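What follows is a single structure, written as structure tokens, with notes after it.
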Amino acid sequence: MPSTDQASATSPSALSGAHLIAASQVDAWIQGLHAAGDLDGPSAQELQASFSWRVTRPIRAVRARERVALLRQQRRILFPRQARVKSGVDHGRQAFEQRVRAVAPALLPHSSAAELRALPLERVLSELVQQVQGSGSKAELWLLVIAVSGCFPDQQMLFGLARDIVGVSGSSAAQRILNHSAVWTLRYHAQLRTIRLVSTEPVVFTDQTAKFGFNSGIQRVTRQTVSRWAGRERFQLAALTDDGAALRTLSSEESARVLDWQGDDDRHRDDEKAEPDETAAELVVPWQTTVFFPEVPVGRGTDSLAALTRFSPNRTVAIGYDTIPVSSGHLVHRGLSGLFVSYLSTIKYVDEILAISNATASEFIGFSEALATQGLPGFGVETLHLPIEHIPADDGEPPAEASLPVVLSVGSNEPRKNQLAVIFASEILWREGLEFSLVLLGGRGDRLYTDIPDAVAALRDQGRQIELRRDVDEHALAAAYRRARFSVFISLQEGYGLPIAESLAVGTPALATEYGSTAEIAAGGGCVTADPRDDRSIVDGMRALLTDDALLERLHGEIEARDDSTWEAYSADVWKVVSAPASQAGAAQKPTGTQK
Numbered sequence: 002m003p004s005t006d007q008a009s010a011t012s013p014s015a016l017s018g019a020h021l022i023a024a025s026q027v028d029a030w031i032q033g034l035h036a037a038g039d040l041d042g043p044s045a046q047e048l049q050a051s052f053s054w055r056v057t058r059p060i061r062a063v064r065a066r067e068r069v070a071l072l073r074q075q076r077r078i079l080f081p082r083q084a085r086v087k088s089g090v091d092h093g094r095q096a097f098e099q100r101v102r103a104v105a106p107a108l109l110p111h112s113s114a115a116e117l118r119a120l121p122l123e124r125v126l127s128e129l130v131q132q133v134q135g136s137g138s139k140a141e142l143w144l145l146v147i148a149v150s151g152c153f154p155d156q157q158m159l160f161g162l163a164r165d166i167v168g169v170s171g172s173s174a175a176q177r178i179l180n181h182s183a184v185w186t187l188r189y190h191a192q193l194r195t196i197r198l199v200s201t202e203p204v205v206f207t208d209q210t211a212k213f214g215f216n217s218g219i220q221r222v223t224r225q226t227v228s229r230w231a232g233r234e235r236f237q238l239a240a241l242t243d244d245g246a247a248l249r250t251l252s253s254e255e256s257a258r259v260l261d262w263q264g265d266d267d268r269h270r271d272d273e274k275a276e277p278d279e280t281a282a283e284l285v286v287p288w289q290t291t292v293f294f295p296e297v298p299v300g301r302g303t304d305s306l307a308a309l310t311r312f313s314p315n316r317t318v319a320i321g322y323d324t325i326p327v328s329s330g331h332l333v334h335r336g337l338s339g340l341f342v343s344y345l346s347t348i349k350y351v352d353e354i355l356a357i358s359n360a361t362a363s364e365f366i367g368f369s370e371a372l373a374t375q376g377l378p379g380f381g382v383e384t385l386h387l388p389i390e391h392i393p394a395d396d397g398e399p400p401a402e403a404s405l406p407v408v409l410s411v412g413s414n415e416p417r418k419n420q421l422a423v424i425f426a427s428e429i430l431w432r433e434g435l436e437f438s439l440v441l442l443g444g445r446g447d448r449l450y451t452d453i454p455d456a457v458a459a460l461r462d463q464g465r466q467i468e469l470r471r472d473v474d475e476h477a478l479a480a481a482y483r484r485a486r487f488s489v490f491i492s493l494q495e496g497y498g499l500p501i502a503e504s505l506a507v508g509t510p511a512l513a514t515e516y517g518s519t520a521e522i523a524a525g526g527g528c529v530t531a532d533p534r535d536d537r538s539i540v541d542g543m544r545a546l547l548t549d550d551a552l553l554e555r556l557h558g559e560i561e562a563r564d565d566s567t568w569e570a571y572s573a574d575v576w577k578v579v580s581a582p583a584s585q586a587g588a589a590q591k592p593t594g595t596q597k
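Quick note: the sequence shown uses this note's numbering, first residue 2, plus one each step.
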């Protein structure tokens, strides 16, 4: 988001002819990085005490005899260590030069490509330092630091460096930029990284979606949205490096997880992280384009992403799911609340939030308005409701079970989903003499929260028809919805309420929370609502759906008559926002509540 931190660059009329950095300085800096990069290795004593040292003794003896033979022939020996050092320095210089030359056209736009190619590396770096110091632009300094260090700086590093180069000579500023950057380069072993400057297409942040095989709500929205752009639109996928110090390109396997998800097949439902060779990846550096966050970045990497959203001259757009970890922190694991704060520190500088419901929009509008106390303009908020797309039955799907009516409750294992209240209501109805089976499905959630499995085990011991299933695949989930007489989702707070949408998508009526985002979905028809904080309200709603066939028939009719959006339409609406000209960055200076 452009701000006072993103001062526009002064426009040089031509190359200045600055000689702020000598070639010997650049070489010494690169050699120093390579030498210092080995400081974390084992000591000689530790190495000699290791198992590897003992088992490789015969190999070392052979190589020692070879070196003695070469010495007797008076031939020069290039020891393996020397070869590695020379090779490492050469590779480090090549990577450093690639990064510097990649950003030069962006920071020196009035210099021709031919002029820049003709200059030696130290001259290009001198021109860049002079431009950045002269402009005082933190946006330009942000880009130069990435080129020099191979890392995305965080806000603290950028502020410290910006202050350190004020009022000093150009050559001193150049050395200080090298010194500050070296700390980051060594910390993250970034000597050999290369970069891809992206200015002509949006950069799409798909970190967890690319790295892991699970398909929870956020990952599902990301995949359903972005995969529909493939082959039709131009965009660059990006994930965080493992150290969280930069954005990088994806491996082919990671790209397939995003664009060609095969999670419906049990063989592909793997939560194990991919292990791509990050040395083969390029850093993705957005510049004067749009950066889109369909995911929620939390934890490692958010400090660097916050600097990107604050200082870089990019338009930034994010999907807003909810603020539950802070607005209802007592309902989630306390560790999640801490992680979520790092997310808020990133998105408070974005230009626009695409909320998935009106309830979510209200939360983000409140957060945006609160940013005025920090002297920040806030961001625009637009509501793009998630779709409810009908899911047709498979030809080979078995018919619904007829022995007992099935009541289905879908939700991850956490207090906020309120499944314990569903179990209690079911027990009351069983005591009244109603016969039905209760099936609870969902992710494992908080493994320390055992109330649900404990209650299920106790009721099964009493002969109740209750079943708990975790981590089912997509086909099994859809089949469970179809077998159910109705579903129950009475969560205490939701950003959207995906289980209600899933139930309606297969044509199954639902008992839903009477407020918030789930009430928004229920308003379209096919649902009965209840107060999740009132046990009697839940019991009454479930009783009506179990005993009133006329009510159930009416709800089925309402489901058929619903006029809901599709993933195709939702994806297209998001693309319209993401593909808007990057020059619109900062246009949303006041929080708004536009709904679509």
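Ideal Cβ placement from N, Cα and C applies to all residues, glycine included. Small disclaimer: the values here were computed from a predicted structure and weren't measured.
- Annotation: A456 to R311 spans about 48 Å, alpha carbon to alpha carbon.
- Within the DSSP secondary-structure output, T514 pairs in a beta bridge with A531.
- For the pair S566 and E254, the Cα-to-Cα distance works out to about 31 Å.
- When only Cα atoms are considered, A307 and R486 end up about 47 Å apart.
- Inter-residue distance for S256 and Q237 is about 10 Å (C-alpha atoms, whole angstroms).
- Here Q157 carries a helix assignment [DSSP, helix/strand/coil].
- 9 Å or more divides the Cβ of S343 from the Cβ of V407.
- Rounded to the nearest angstrom, the gap between the Cα atoms of R124 and A174 is 15 Å.
- G542 is a Cβ neighbour of A531, given a cutoff of 9 Å.
- Rounded to whole angstroms, the gap between the alpha carbons of G330 and S363 is 17 Å.
- Cβ-Cβ distances below 6 Å link L499 to G218 in the same chain, with the five nearest sequence neighbours on each side left out; the list follows chain order.
- When C-beta atoms of the stretch 153-171 are compared with those of the stretch 111-120, fewer than three pairs fall below 8 Å, so the two segments do not count as touching.
- Taking G336 as reference, the option from C152, V204, D447 with the minimal CA-CA separation is D447.
- Taking all protein chains shown into account, N419 has 16 or more neighbouring C-beta atoms within 10 Å of its C-beta and is therefore buried.
- Contact between the stretch 372-391 and the stretch 278-296 is absent: fewer than 3 CB-CB pairs across the two stretches fall below 8 Å.
- DSSP places G443 in the uninterrupted beta strand (DSSP E) bounded by 438-443.
- Where E468 is concerned, the enclosing beta strand (DSSP E) starts and stops at 467-471.
- The alpha-carbon of E128 is positioned some 14 Å away from that of V27.
- Around the Cβ of A562, a 10 Å sphere holds fewer than 16 other Cβ atoms; the residue is exposed.
- Taking the Cα of K577 as reference, the smallest distance to any Cα among E383, E433, I467, V167 is reached at E383.
- T195 and T242 have their alpha carbons spaced roughly 13 Å apart.
- The beta-carbon distance between T223 and Y571, rounded to whole angstroms, is 12 Å. This is too long to meet the 8 Å contact definition.
- Per DSSP, the unbroken alpha helix (DSSP H) holding E559 starts and ends at 550-562.
- For S338, the CB contacts under 7 Å within the same chain, skipping 5 residues up- and downstream, are P326, V327, G330 in chain order.
- For S253, the enclosing alpha helix (DSSP H) starts and ends at 253-260.
- Burial is judged here by how many other beta carbons sit within 10 angstroms of a residue's own beta carbon; A281 has fewer than 16 and is exposed.
- Annotation for R229: S572 place their beta carbon closer than 6 Å to its own, counting only its chain and skipping 5 residues before and after.
- With distances taken between CA atoms, A477 lies nearest to V507 out of F490, Q494, D462, V507.
- Boundaries of the alpha helix (DSSP H) harbouring T226: 218-227, taken from the DSSP string.
- In this structure, G381 lies near I354, with their beta-carbon atoms less than 9 Å apart.
- Looking from the CA of T186, the closest CA among D208, Q32, V259, W262 belongs to Q32.
- Residues of the same chain with a CB within less than 6 Å of the CB of S538, apart from the 5 flanking positions on each side, are A531, D532 in chain order.
- In this structure, L193 sits away from A105, with a CB-CB distance that is not shorter than 9 Å.
- For R483, same chain residues with a beta-carbon under 6 Å away, outside a window of 5 residues either side, are V507 in chain order.
- In this structure, F425 lies away from L547, with their beta-carbon atoms at least 9 Å apart.
- With contacts defined by Cβ atoms closer than 9 Å, I389 and G496 do not form a contacting pair.
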